[in-house]
Amino acid sequence: MSPIINWMGGWPKEGLVSGADWEERLTVAAKEAVESAVNRAPERLRLQAEQRLRAQLAAGLLKHKTGGDEQLLMLTSGADAGLAWLLEKLLTPGDVILTEHLTSRAALHAFRKADMQVKAVQGDEEGMHPDALSAAIHRERPRMVYISAACTDPEGRSWSPERKKKAAQACRESGVLLVTDDRQEMLLYDNDGCLEKPEPGSLSIGQLPPGLIAGFRFGWIAGSSIDIMPAAGKANFPVEHLALSRLLDTQPLEPLIEMLRVQCAERLRQMTEQLRRCGQPDLMWTSPKGGLHLWLHLPSGLDGESLLRAAWLKGLIFQPGAPFYAANPHKNTLRLTHAFADERQIKLGVTRLSESIEEFTGRWSRS
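Numbering (our numbering), first residue to last: 157 to 523.
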């Protein structure tokens, strides 16, 4: 079988900051940490590295999230880790979380693993309906409302400004924590570089985009609604944080993020062009505003899980769509991660996908 083309997502091993470059920086940071330990000052280095990095981010890349205040920033090992921390520290098993009907598969998995009750709120392409959200808050008494207003996963939609403000207002008036998952916000294709500051009473989860620094997962929680600084803890010695801080001294990340944004947009263009050329009837997709993924609607009657099994035999894997639904899943959907595929992989992958679809639709036409 030909090498597998992986459109499931995940974290690429390489990035715009190469693996070799990042390993060299980690080696230098580790040496500095060892020297600090010899001088019996590892804790001081840890605190200094954390504080310095938070200050760099608050004054630079995340200025619009924090207003320049580093105290409104908690560092994590990625957006998933930040969400897991919030669930552990702020909620208890059995609590209700309101979310969009179609939302992050990883978040839904985290909610269910933590034994939370997940309830879907009706909405449309602009976001949750304000009246539906208010009614659900009154009816369900949730502890958290979780949304991806900047760039949704899996569709890549962006909420309207009015819907964002009304959601924040409804949560604030009800005393419910609003968590916005902004992990793809930096990859909005028409992004002007300005990240939106969390509304009062809400928190924003974010992370450096995959493919920026080779194999490196780094995220944050930003906002003023809770005292998050004591939660930073001492779980890991921040060799990676120290290396990132030194990188920021010499290499601003904004130009690299812009390069990644352009790359993602171009690969999306290539994928949708190939999908149009394949000529599959009734194959539709949502045109994303940004992000890493493309959300597909298959011909009626097709099942994304079954199609994955057929495509895997041809050397293509992707995410079936059903696990992205909080309730009542549409099985004739799937998510393709286009961001890390080159032009050759895109052409070959779409061919394999089209052939897999034809195997099923051909069976129907003969029956």
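Don't be surprised by glycine CBs; every beta carbon is placed ideally from N, CA and C.
Bear in mind the structure is a predicted one, so any value in this text is a computation, not a measurement.
When 502, 237, 360 and 330 are compared, the shortest CA-CA separation from residue 433 is found for 502. In this structure, the straight-line span from the alpha carbon of residue 496 to that of residue 295 is close to 42 Å. Closest in C-alpha terms to residue 400, from the list 213, 158, 170 and 248, comes 213.
Secondary structure of residue 280 (DSSP, three-state): strand.
If you draw a straight line from the Cα of residue 507 to the Cα of residue 244, it comes to about 44 Å.
By the Cβ-count criterion, residue 336 is buried, with 16 or more other Cβ atoms from all chains shown falling within 10 Å of its own Cβ.
Judged by DSSP in its simplified three-state form, residue 241 adopts helix. Beta-bridge analysis with DSSP links residue 375 to 232 and 363.
Looking at 232, 216, 160 and 493, the one whose alpha-carbon comes closest to that of residue 367 is 493. Taking a cut-off of 8 Å on C-beta distances, the segment 470-489 touches the segment 452-460, as three or more cross pairs fall below it. In the DSSP annotation of this structure, residue 449 is not part of any alpha helix (DSSP H); the continuous beta strand (DSSP E) holding it starts and ends at 449-453.
For residue 373, the CB contacts under 6 Å within the same chain, skipping 5 residues up- and downstream, are 233 and 234 in chain order. For residue 252, the enclosing beta strand (DSSP E) starts and ends at 252-256.
Annotation: the continuous alpha helix (DSSP H) that includes residue 430 extends over 410-434.
Beyond the five residues adjoining it in sequence on each side, residue 417 comes within less than 6 Å, by CB distance, of 343 in the same chain, given in chain order.
For residue 377, the number of other beta carbons within 10 angstroms of its own is at least 16, and it is reported as buried. Cβ-Cβ distances below 6 Å link residue 165 to 493 in the same chain, with the five nearest sequence neighbours on each side left out; the list follows chain order. Contact annotation: residue 355 and residue 324 have beta-carbon atoms nearer than 7 Å. Using a Cβ distance threshold of 7 Å, residue 369 and residue 302 do not count as a contacting pair. Straight across, the Cα-Cα distance linking residue 339 with residue 469 is about 32 Å.
Among the bridge pairs identified by DSSP, residue 162 is matched with 473. The C-alpha of residue 450 lies about 16 Å from the C-alpha of residue 510. Contact check between the segment 253-262 and the segment 271-286: three or more CB pairs, one atom from each, fall below 8 Å, which counts as touching.
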